[in-house]
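K.L.:
Mind the numbering: the sequence shown is residues 1 to 356 in the UniProt record's numbering, read in order. Note that the Cβ used here is the ideal one computed from N, Cα and C, for glycine as well. These numbers were taken from a predicted model, which means no experiment stands behind them.
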Amino acid sequence: MLSRVVPSVARVALARSSLRLLTTQAAGDEFSLKEFSEKYLGHRKAAFTEKLEIIDPDIAPALPIYRVTDTQGNIIDHSHDPNFDKETSLKIYRDMTQLNVMDRILYDSQRQGRISFYMTNFGEEAAGCAYAFKRKPNNDRIVVVYFGDGAASEGDAHAAFNFAATLDCPIIFFCRNNGYAISTPTSDQYGGDGIAGKGPGYGLHTIRVDGNDVFAVYNATKAARELALQNKPVLIEAMTYRLGHHSTSDDSTFYRSLEEVKEWGDKDHPITRFKKYITEKGWWSEEDEKNWQKDCRKRVLKAFSDAEKQKLAHYHDMFEDVYKEMTPKLKRQREEFDAHLEEYKEHYPIDKCLPK
1 MLSRVVPSVA
11 RVALARSSLR
21 LLTTQAAGDE
31 FSLKEFSEKY
41 LGHRKAAFTE
51 KLEIIDPDIA
61 PALPIYRVTD
71 TQGNIIDHSH
81 DPNFDKETSL
91 KIYRDMTQLN
101 VMDRILYDSQ
111 RQGRISFYMT
121 NFGEEAAGCA
131 YAFKRKPNND
141 RIVVVYFGDG
151 AASEGDAHAA
161 FNFAATLDCP
171 IIFFCRNNGY
181 AISTPTSDQY
191 GGDGIAGKGP
201 GYGLHTIRVD
211 GNDVFAVYNA
221 TKAARELALQ
231 NKPVLIEAMT
241 YRLGHHSTSD
251 DSTFYRSLEE
261 VKEWGDKDHP
271 ITRFKKYITE
281 KGWWSEEDEK
291 NWQKDCRKRV
301 LKAFSDAEKQ
311 KLAHYHDMFE
321 DVYKEMTPKL
331 KRQREEFDAH
341 LEEYKEHYPI
351 DKCLPK
């Protein structure tokens, strides 16, 4: 009898021991996952796995490119049409084309020696105009920072992404990815899924948009602003193409072909795309285009001519317009510059500067 009872007691004890072990193990697993989730993973749920798998970045699908119109200016899904009225649409178009005219005149002016430096916006007018147009008075404030793919390759950008996400900053990071830094193609700048692909890893709300589509940029910026007002930082990557040189210090023919530039200009120019849209609406004609281009060029040239007649800012401004009160280092720099001008004043157009 005793011989039968002992094994039974032993089995019960073993079962209880196993149960305690499983309970302890489950409690340990739950504790670890909870700690990892709350303190390591930004409250994102993770699970243990017994499958050894190193993630291949080439397998994950690329983030899609949000758009509203096709390259011919046709609305694809009318539920995404912001339904701008005629006045608003024509203002957007005129702003885009005026920027284009300014680019051409100021770029040529630098080549003529009339200004020292200029950076163009050829081919990126949609990305620039739509987010500027989104600004309205009397709204709650957020911060928007605009930068290119080249800046996104700098460490400062990644530090900013991380700070914004961990501190819940009301900010929109707007990256204008135009394919090239000043001379470096994006293929040589980063691996992986572009700039937007980095957003989720930093904990940023993220969207990739067609940067040649005014409506897509407008809608994305509007939605991003609503999130930023809730202290949820957002990263927008606008996919576009730089048709011009990076700046007057750059010759892009050294690193890309004229055929490539022409193909982009012919097949997906943001101004051409939006022009087709307003023309289809009956709001714009070739006669309107001719008159506007003539008037726009005239006004830009007049503004440039008027500016050339103005006195230059006083050279002390570059030292004084930095901090509310000048630092000792800036004061020393100003003194050194004054001494330099006194010795070589015949080489500087001091007479063209405003008096202090």
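With a 10 Å radius around its C-beta and 16 neighbouring C-beta atoms as the bar for buried, classify L99 as buried or exposed.
P.N.:
buried
K.L.:
Output needed for V101: all residues of its chain with C-beta closer than 6 angstroms, excluding positions within five of it in sequence on either side, in chain order.
P.N.:
Same-chain partners within the cutoff: C296, R297 and V300.
K.L.:
Are the Cβ atoms of T240 and Y118 separated by less than 7 angstroms?
P.N.:
no
K.L.:
Going residue by residue through the region 265-314, where are the continuous beta strand (DSSP E) segments of at least 3 residues, counting only ones entirely within it?
P.N.:
Annotation: the region 265-314 contains no complete segment of the beta strand (DSSP E) (minimum length 3 residues).
K.L.:
Assuming D250 contacts I182 under a Cβ cut-off of 8 angstroms, what Cβ separation, rounded to an integer in Å, is found between them?
P.N.:
6 angstroms
K.L.:
To the nearest angstrom, how far is the alpha carbon of H205 from that of A47?
P.N.:
23 angstroms
K.L.:
Examine the Cβ distances between the region 279-294 and the region 314-327 and report whether three or more of them are shorter than 8 angstroms.
P.N.:
no
K.L.:
I171 and P270 - do their beta-carbons sit closer together than 7 angstroms?
P.N.:
no
K.L.:
Should I207 go down as buried or exposed, given a rule of 16 or more other Cβ atoms within 10 Å for buried?
P.N.:
By the neighbour-count rule (16 or more Cβ atoms within 10 Å), I207 is buried.
K.L.:
Please give the ranges of any beta strand (DSSP E) in the region 147-190, keeping only runs that are unbroken, at least 3 residues long and fully inside the region.
P.N.:
171-177
K.L.:
Can you check which of these residues, L243, Y255 and K276, is closest to W264 by C-alpha distance?
P.N.:
L243
K.L.:
Given G123, which residues of its chain have a CB within under 6 angstroms of its CB, disregarding the five upstream and five downstream residues?
P.N.:
At G123 the pLDDT is 45, less than 50, meaning the model places this residue with poor confidence and gives no usable figure here.
K.L.:
Alpha carbon to alpha carbon, what distance is there between N231 and K352?
P.N.:
K352 and N231 have their C-alpha atoms roughly 48 angstroms apart.
K.L.:
What would DSSP say about Y66, mapped onto helix, strand or coil?
P.N.:
Strand.
K.L.:
How many whole angstroms separate the CB atoms of F173 and F161, which I take to be in contact at a CB cut-off of 8 angstroms?
P.N.:
7 angstroms
K.L.:
Is S252 close to the ligand FMN? I mean its beta-carbon at under 6 angstroms from any heavy atom of the ligand.
P.N.:
Although the ligand FMN was asked about, the structure shown includes no ligands whatsoever.
K.L.:
Measure the C-alpha to C-alpha separation of Y180 and A151 and round it to an integer number of angstroms.
P.N.:
Rounded to whole angstroms, Y180 to A151 spans 11 angstroms at the Cα level.
K.L.:
List the residues that DSSP assigns as beta-bridge partners of R208.
P.N.:
E237
K.L.:
Pop quiz: residue 358 and A238 are said to be a contact at Cβ under 8 angstroms. What is the actual Cβ separation, rounded to whole angstroms?
P.N.:
Absent from the structure is residue 358, since the part of the chain shown begins at 1 and ends at 356.
K.L.:
Once DSSP output is grouped into helix, strand and coil, what is the label at I75?
P.N.:
strand
K.L.:
Under three-state DSSP, which class holds V322?
P.N.:
coil
K.L.:
Assuming P200 is part of the alpha helix (DSSP H), what are its boundary residues?
P.N.:
G199 to Y202 is the span of the alpha helix (DSSP H), which, as asked, contains P200.
K.L.:
Are V153 and Q189 closer than 7 angstroms when you measure CB to CB?
P.N.:
Inspection of the sequence shows that residue 153 is occupied by Ser rather than by Val. Taking C-beta atoms as the reference points, S153 and Q189 count as a pair closer than 7 angstroms.
K.L.:
Nearest-angstrom Cα distance between Y40 and L33?
P.N.:
10 angstroms
K.L.:
Using 8 angstroms as the Cβ pair cut-off and three pairs as the minimum, do the region 194-205 and the region 59-74 touch?
P.N.:
yes
K.L.:
When the distance is taken between beta carbons, is I76 closer than 7 angstroms to D70?
P.N.:
Less than 7 angstroms divides the Cβ of D70 from the Cβ of I76.
K.L.:
From what residue to what residue does the alpha helix (DSSP H) around T97 run?
P.N.:
K86 to R111
K.L.:
What residue does the alpha helix (DSSP H) around E343 start on, and which one ends it?
P.N.:
From DSSP, the alpha helix (DSSP H) with E343 extends over P328 to Y344.
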